[in-house]
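Top to bottom, those sequences are chains A and B.
Residue 79 in the numbering used here sits at position 79 of the first sequence, with consecutive numbering throughout.
Residues are numbered in the numbering used here as their position in the second sequence, beginning at 1, plus a constant of 1000.
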Amino acid sequence: SAVISQKPSRDICQRGTSLTIQCQVDSQVTMMFWYRQQPGQSLTLIATANQGSEATYESGFVIDKFPISRPNLTFSTLTVSNMSPEDSSIYLCSVDDPRQYNEQFFGPGTRLTVL
Amino acid sequence: AQSVTQLDSHVSVSEGTPVLLRCNYSSSYSPSLFWYVQHPNKGLQLLLKYTSAATLVKGINGFEAEFKKSETSFHLTKPSAHMSDAAEYFCVVSERGGTDKLIFGTGTRLQVFP
């Protein structure tokens, strides 16, 4: 199965600043997804990122707040812009692994705290 | 629109007793269904998946789930709980399986007492 790493693993940031989270996969994948898990909550999809096209955002999430890049088939970044304490969450990337039919694999997550 | 409902936010069992975590789904299509587990401060791990093949699905660590279309259910079971099973469990639905967005349930926290 795909091995996914995320950087940073955790961070504490001041309100009004931005943080870029990196997601690296050890193999080429078509689809990459970004999810948010707010404290004590379930996971919610932020956007889907395909290489070579604009990310597709879910209702309630906008590109100005969560810009995403997908420069190649193994890497993506999510930026959390102009942060507020409400952005404190775990952010996870996931991929569909073409070697494993019909499965998504998740990275370890980035735990973000905004003061 | 798709959705999943996990009927219990918390389940407590004694070690060695059966586990039942309940999940109902709603989907306009023939869905793909998954159970994921999240141990404290660890990432999500896929336990098992249903993708329109056998309705009884066996997963890792002795877990299994049965897809019942008539009841729109996909309950997770294990015959005998182990202390290491204590974690958060998510029931997940997708219209097109792993290549589509996943819709997560609210989660069930499983506690296992000695």
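Note that the Cβ used here is the ideal one computed from N, Cα and C, for glycine as well.
From this set, the options, which residue's C-alpha is nearest residue i's C-alpha?
i, options, result
"B/F1074", "B/H1082, B/S1080, B/Y1089 and B/S1084", "B/Y1089"
"B/T1005", "B/V1112, B/Q1111, B/F1113 and B/T1106", "B/T1106"
"A/G60", "A/S53, A/Y35 and A/L73", "A/Y35"
"A/T107", "A/S76, A/R99 and A/D87", "Note on identity: in this sequence residue 107 of chain A is Gly, with Thr being the wrong assignment. Checking every option, the nearest Cα to that of A/G107 belongs to A/S76."
"A/A49", "A/Q22, A/L115 and A/N82", "A/Q22"
"A/R70", "A/K7, A/R15 and A/F33", "A/F33"
"B/Q1045", "B/W1035, B/S1094 and B/Q1002", "B/W1035"
"B/F1113", "B/D1100, B/E1095, B/S1084 and B/L1102", "B/S1084"
"B/V1092", "A/S81, A/F66, A/Y91 and A/L45", "A/L45"
"A/V25", "A/S88, A/S5 and A/Q38", "A/S5"
"B/T1108", "B/C1023, B/Q1002, B/S1014 and B/E1015", "B/C1023"
"B/D1008", "B/G1016, B/I1103, B/K1078 and B/L1021", "B/L1021"
"A/S43", "B/T1055, B/F1104 and B/K1058", "One point to set straight first is that residue 43 of chain A is Leu, not Ser, in the sequence displayed. Ranking B/T1055, B/F1104 and B/K1058 by Cα distance to A/L43 puts B/F1104 first."
"B/D1100", "A/T110, A/L112, A/I63 and A/M31", "A/M31"
"A/R126", "A/I90, A/G16, A/I12 and A/Q28", "Not covered by the structure: residue 126 of chain A. The range shown for chain A is 1 to 115."
"B/S1014", "B/E1095, B/L1102, B/P1079 and B/Q1038", "B/P1079"
Grouping DSSP H, G and I as helix and E and B as strand, with all else coil, what is residue i?
i, result
"B/N1061", "helix"
"A/P85", "helix"
"B/S1028", "coil"
"B/S1070", "coil"
"B/S1012", "strand"
"B/S1084", "helix"
"B/D1100", "coil"
"A/Q104", "strand"
"A/S76", "strand"
"B/Q1045", "strand"
"B/Q1006", "strand"
"A/S5", "strand"
"A/D96", "strand"
Please name the residue or residues paired with residue i in a DSSP beta bridge.
i, result
"B/Y1089", "B/V1037 and B/T1108"
"A/R111", "A/R10 and A/I90"
"B/T1077", "B/L1020 and B/E1064"
"B/S1094", "B/S1032"
Within 7 Å of chain A by C-beta, residues of the segment 1028-1062 of chain B in sequence order: S1032, G1043, L1044, L1046, K1049 and T1051
Mind listing, in chain order, the continuous beta strand (DSSP E) runs of no fewer than 3 residues lying wholly within the segment 8-73 of chain A? 10-13, 19-25, 31-37, 43-50 and 68-72
Which residues, taken in chain order from the segment 32-48 of chain A, show a beta carbon closer than 7 Å to some beta carbon of chain B? F33, S42, L43, L45 and T48
Using Cβ-Cβ distances below 7 Å, what residues of the segment 1064-1095 of chain B are close to chain A? F1090
Give the residues from the segment 1099-1110 of chain B that approach chain A closer than 7 Å (Cβ to any Cβ), ordered along the chain. T1099, K1101, L1102, F1104, G1105, T1106 and G1107
Listed from N- to C-terminal order along the chain, which residues in the segment 98-109 of chain A have their beta-carbon within a distance smaller than 8 Å of any beta-carbon of chain B? Q100, Y101, N102, E103, Q104, F105, F106, G107, P108 and G109
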